[in-house]
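As they're listed, the protein sequences go chains G and C. Take the first sequence: its position 98, counting from 1, is numbered 98 in our numbering, and each next residue is one higher. Take the second sequence: its position 82, counting from 1, is numbered 197 in our numbering, and each next residue is one higher. No residue lacks a Cβ here, since even glycine has one placed at the ideal position from N, Cα and C. Working notes for the structure below.
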Amino acid sequence: GAVVSQHPSWVICKSGTSVKIECRSLDFQATTMFWYRQFPKQSLMLMATSNEGSKATYEQGVEKDKFLINHASLTLSTLTVTSAHPEDSSFYICSATGLKAYGYTFGSGTRLTVV
Amino acid sequence: GENVEQHPSTLSVQEGDSAVIKCTYSDSASNYFPWYKQELGKRPQLIIDIRSNVGEKKDQRIAVTLNKTAKHFSLHITETQPEDSAVYFCAAILSSGGGADGLTFGKGTHLIIQP
């Protein structure tokens with residue numbers, strides 16, 4: 001079945017620094033990738049949608065200059081949290097879909113802690 | 116946009132009994148309704164889904180029913196087992212084949228199976 005790999009699984013960074021999270025589709029071409037954020041004991045909230053080779057579309061309330069998304073190939077999307085602050089601490093999960101993938105396949109998630 | 120309501124937020128049942136989780140959606144155009152199981156700190160796992168052209172789908176102990184007129188769908192788990200304990204999320208979307216839009220999730224149900 002479709003597999004999505006996400007790295008790192010956890011990261012601790014200092015306030016003010018930037019962190020990059022990678023999401024890779026291993027056995028299918030991901031025409032569309034999605035980035036979600038999940039705070040403790042809450043649901044997944046869609047942050048942005050990216051199509052290969054195009055600029056990402058951000059949900060209302062998500063700062064595009066803070067959460068930089070790059071989807072340069074059909075197998076890789078990256079999310080960079082710039083100038084991270086403690087309130088950015090959360091579980092970030094990517095999801096991908098494509099022509100040969102059924103439904104939406106999720107990455108394993110990244111636990112970001114900003115200290 | 117789509118809005119998904121999910122109830123209950125917590126559900127405790129005796130092992131062997133059935134569990135039912137209900138969701139309603141707002142956008143009558145939505146046509147794809149997946150259910151995910153998420154264990155603590157892990158990625159959501161698709162357990163069953165249904166498309167708007169059918170009213171019910173079953174996979175062993177798990178079933179989903181859809182009422183398009185009332186815009187609600189439900190997850191049914193029979194003969195519950197301890198390993199069913201997790202958080203369950205429903206989601207809804209208008210899927211156009213290419214999967215261009217992100218999922219809208221309900222707030223989740225914490226299912227607890229009492230031994």
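Buried or exposed (CB count within 10 angstroms, at least 16 for buried), residue i
i	result
His71(G)	buried
Val119(C)	buried
Trp150(C)	buried
Tyr104(G)	buried
Trp10(G)	exposed
Asp27(G)	exposed
Gly156(C)	exposed
Ile12(G)	exposed
Tyr102(G)	exposed
Opposing strand residues paired with residue i [DSSP bridges]
i	result
His7(G)	Glu22(G)
Tyr151(C)	Leu161(C), Phe204(C)
Thr49(G)	Phe34(G), Thr57(G)
His191(C)	Val135(C), Ala178(C)
Tyr92(G)	Arg37(G), Thr110(G)
Asn70(G)	Thr78(G)
Ser127(C)	Ile227(C)
Residue i at chain C interface by Cβ criterion, 8 Å
i	result
Ser5(G)	no
Ile69(G)	no
Tyr92(G)	no
Ser108(G)	yes
Gly16(G)	no
Residue i at chain G interface by Cβ criterion, 8 Å
i	result
Pro123(C)	no
Phe148(C)	no
Leu161(C)	yes
Asp164(C)	yes
Gly131(C)	no
Lys222(C)	yes
Gly217(C)	yes
Would you list, in chain order, the members of the segment 42-61 of chain G that have their beta-carbon closer than 7 Å to a beta-carbon of chain C?
Hits within the stretch, in order: Ser43, Leu44, Leu46, Thr49.
Are the segment 90-97 of chain G and the segment 29-41 of chain G in contact at 8 Å, needing three or more beta carbon pairs?
yes
To be precise: take each residue of the segment 174-202 of chain C, compare its Cβ to all Cβ atoms of chain G, and keep it if any distance is under 7 Å. Which residues remain?
none
The segment 141-157 of chain C touching the segment 203-210 of chain C, judged by at least three CB pairs closer than 8 Å
yes
The segment 26-43 of chain G: positions lying closer than 7 Å to chain C by Cβ
Taking 7 Å as the Cβ-Cβ cut-off against chain C, the residues of the segment 26-43 of chain G that qualify are Thr31, Thr32, Phe34, Ser43.
Would you be able to state if there are at least three C-beta pairs under 8 Å between the segment 9-25 of chain G and the segment 169-189 of chain C?
no
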